[in-house]
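Chemist: Below: one structure in structure tokens.
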Amino acid sequence: MASNFEFYSPTRVIFGKGTEQRVGALVREYGGTRVLIVYGGKSAVRSGVLDRAENSLAEAGISSWTLGGVVPNPHLDKVYEGICIGKENSIDFLLAVGGGSVIDTAKAIAYGLAEPEKDVWELYEHTRTARKCLPVASILTIAAAGSETSNSSVITRVDTHQKRAYNDDISRPKFAIMDPELTKTLPDYQTESGCADIMMHTMERYFTNGGNMELTDALAEGLLRTVMKNAVILHTDPANYEARAEVMWAGSLSHNGLTGCGIASGDFMSHKLEHEMGGMFDVTHGAGLAALWPSWARYVYKDCLPRFVRFARNVMGVTTDGTDEEIALKGIDAMVDFYHSIGMPASFHELGIDPTDAQIDEMARRCLEASGSALGSAKKLSLDDMIAIYRAAN
Ligand code: NZQ
Ligand code: ZN
């Protein structure tokens with residue numbers, strides 16, 4: 000039976016070649032007059048998109064400041080730096096030019112500037128909720144995290160190795176400019192990690208013991224098949240515009256809530272377990288998910304068997320006969336083959352990390368602490384379950 004749901008995806012999507020030229024007019028339409036442009040390392044400088052964004056803002060009569068140097072698994076310190084610049088210059092709009100790390104940093108700065116008397120980290124520690132947030136928008140340069148339409152942001156506090164998410168609809172971006180051309184400069188590993196992450200945002204919602212809705216399942220399965228097909232194309236033909244367009248659109252639809260409507264809240268334990276890996280080992284998020292998922296799936300599939308059988312049949316194309324358990328396991332094996340086919344890891348060893356038992360215990364402890372009471376829907380995970388999943392991924 001379909002669960003009750005609320006679908007809220009207010010972000011305006013402007014999709015296609017050259018759309019970043021419209022950013023100045025769009026920011027003006029949403030009331031921005033003093034804009035902080037947030038970007039990452041040098042990719043946005045090298046590709047020229049940062050220049051184009053600044054020029055478009057200037058042409059629209061909008062003042063802008065820049066904050067570069069956001070790193071993957073973005074740091075709280077950079078958020079504080081942005082809040083300082085924002086306060087000094089009366090910033091009223093945040094424009095992210097980059098991927099999930101840049102957009103998440105912009106969202107965190109936007110929270111910090113909207114309630115300047117409070118410490119923004121409290122949101123990520125879940126000791127308070129946000130009352131206000133400045134408007135945020137993005138020019139997306141990598142299809143992956145889905146932050147361009149999501150209500151989430153994930154920030155790492157380096158001194159404590161805590162990587163923490165805060166979800167709130169008031170941070171949903173006003174608009175997302177998505178030009179697939181901009182993703183052609185990505186290193187292959189980032190393209191492939193992005194595909195793994197996009198798929199996982201739908202898989203987290205799909206593997207649940209919650210409700211059931213045929214249309215949502217069909218959307219989810221279609222999205223997963225589409226990303227797999229185009230990830231394989233991009234592995235050998237990274238300049239393929241059509242494949243980049245398919246993956247980019249999937250990235251937003253996979254994490255704006257659409258593929259979770261009517262099927263309860265989803266599982267999301269792979270993400271929570273991976274965030275601890277990101278906090279401790281600074282791994283690339285999508286690759287970390289790929290390395291962990293097979294271990295999680297083999298641990299929980301018996302508790303969520305109908306969904307794993309359906310996944311094997313409708314997504315992974317398993318056609319052979321067998322018991323439900325055998326078919327479910329073939330689906331998981333096929334996923335591992337897919338990861339390998341696009342150069343993604345399917346274990347910690349392949350990811351290039353080798354956590355000790357003590358580190359695994361610590362990641363599990365932190366994951367439990369960060370998860371509170373929501374510990375998965377495919378199977379509720381205890382501390383010992385988490386340790387067993389990490390160990391089996393090793
Ligand atoms: O820093 P630059 O030089 O820009 O390089 C980046 C970075 O090294 C590079 N890159 C991005 N666009 C490029 C490019 N290189 C060449 N050409 C381009 N067009 O790609 C690298 C990764 O960038 P990043 O922003 O970290 O990637 P992604 O979008 O995968 O974001 C990952 C972060 O998002 C979080 C993850 O945990 C991680 O911290 N997530 C955020 C979510 C959300 N807000 O809804 C949900 C996700 O599940 C995820 O947790
Ligand atoms: Zn993710």
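Taking numbering that gives the first Met the number 0, the leading residue of the sequence shown gets 0, the next gets one more, and so forth. Glycine included, every Cβ here is placed at the ideal spot set by N, Cα and C. It should be emphasised that the depicted structure is a prediction, and the values quoted were computed from it without experimental measurement.
Under the criterion of a Cβ to heavy atom distance below 7 Å, does SER46 qualify as lining ligand 1?
Modeler: Yes, Cβ of SER46 sits closer than 7 Å to a heavy atom of ligand 1.
Chemist: For ALA143 versus ILE197, is the C-beta distance shorter than 8 Å?
Modeler: yes
Chemist: Which value, in whole angstroms, describes the spacing of the CA atoms of ASP336 and PRO115?
Modeler: 49 Å
Chemist: In whole angstroms, what is the alpha-carbon distance linking THR215 and ARG224?
Modeler: Approximately 14 Å between the Cα atoms of the pair.
Chemist: Three or more C-beta pairs closer than 8 Å, one from the segment 23-31 and one from the segment 123-138: is that the case here?
Modeler: As far as the Cβ criterion goes, the segment 23-31 touches the segment 123-138, which means the pair count is three or higher.
Chemist: Please determine, among GLU368, MET334, TRP292, the residue with the shortest C-alpha to C-alpha distance to ARG312.
Modeler: The shortest Cα separation from ARG312 among GLU368, MET334, TRP292 belongs to MET334.
Chemist: Kindly examine ligand 2 and report whether one of its heavy atoms sits closer than 7 Å to the Cβ of MET199.
Modeler: yes
Chemist: Whole angstroms are fine: how far does the CA of ILE331 sit from the CA of ARG297?
Modeler: 7 Å
Chemist: Quick one: grab the DSSP three-state call for SER253.
Modeler: Secondary structure at SER253: helix, using DSSP grouped into helix, strand and coil.
Chemist: Using a Cβ distance threshold of 8 Å, determine whether the segment 176-195 contacts the segment 3-16, with at least three qualifying pairs required.
Modeler: yes
Chemist: What first and last residue would you give for the alpha helix (DSSP H) that runs through GLY342?
Modeler: That residue, GLY342, is in no alpha helix (DSSP H); it is neither H nor E in DSSP.
Chemist: Measure the Cβ-Cβ separation of GLY193 and GLY265 and say whether it is below 8 Å.
Modeler: No.
Chemist: Report yes if the C-beta distance between LEU222 and THR201 is below 8 Å; otherwise report no.
Modeler: yes
Chemist: When DSSP builds the beta bridges, which residues end up paired with PHE174?
Modeler: ARG11
Chemist: Output yes or no for whether 8 Å exceeds the beta carbon distance between HIS270 and GLU203.
Modeler: yes
Chemist: Is the closest heavy atom of ligand 2 to the C-beta of ALA289 under 7 Å?
Modeler: no
Chemist: In whole angstroms, what separates the C-alpha of CYS83 from that of MET315?
Modeler: Straight-line Cα distance between these residues: approximately 49 Å.
Chemist: Can you name the start and end residues of the alpha helix (DSSP H) that ASN313 belongs to?
Modeler: 304-313
Chemist: According to the neighbour-count rule (16 or more other Cβ atoms, all chains shown, within 10 Å of its Cβ), is TYR7 buried or exposed?
Modeler: exposed
Chemist: For the pair the segment 34-44 and the segment 206-214, tell me if three or more CB-CB distances fall below 8 Å.
Modeler: no
Chemist: Using beta-carbon positions only, say whether VAL299 and ALA377 come within less than 8 Å of one another.
Modeler: yes
Chemist: Judging by CA-CA distance, which residue of GLY23, PRO73, GLY67 is the nearest neighbour of GLY60?
Modeler: For GLY60, the nearest C-alpha among the options comes from GLY23.
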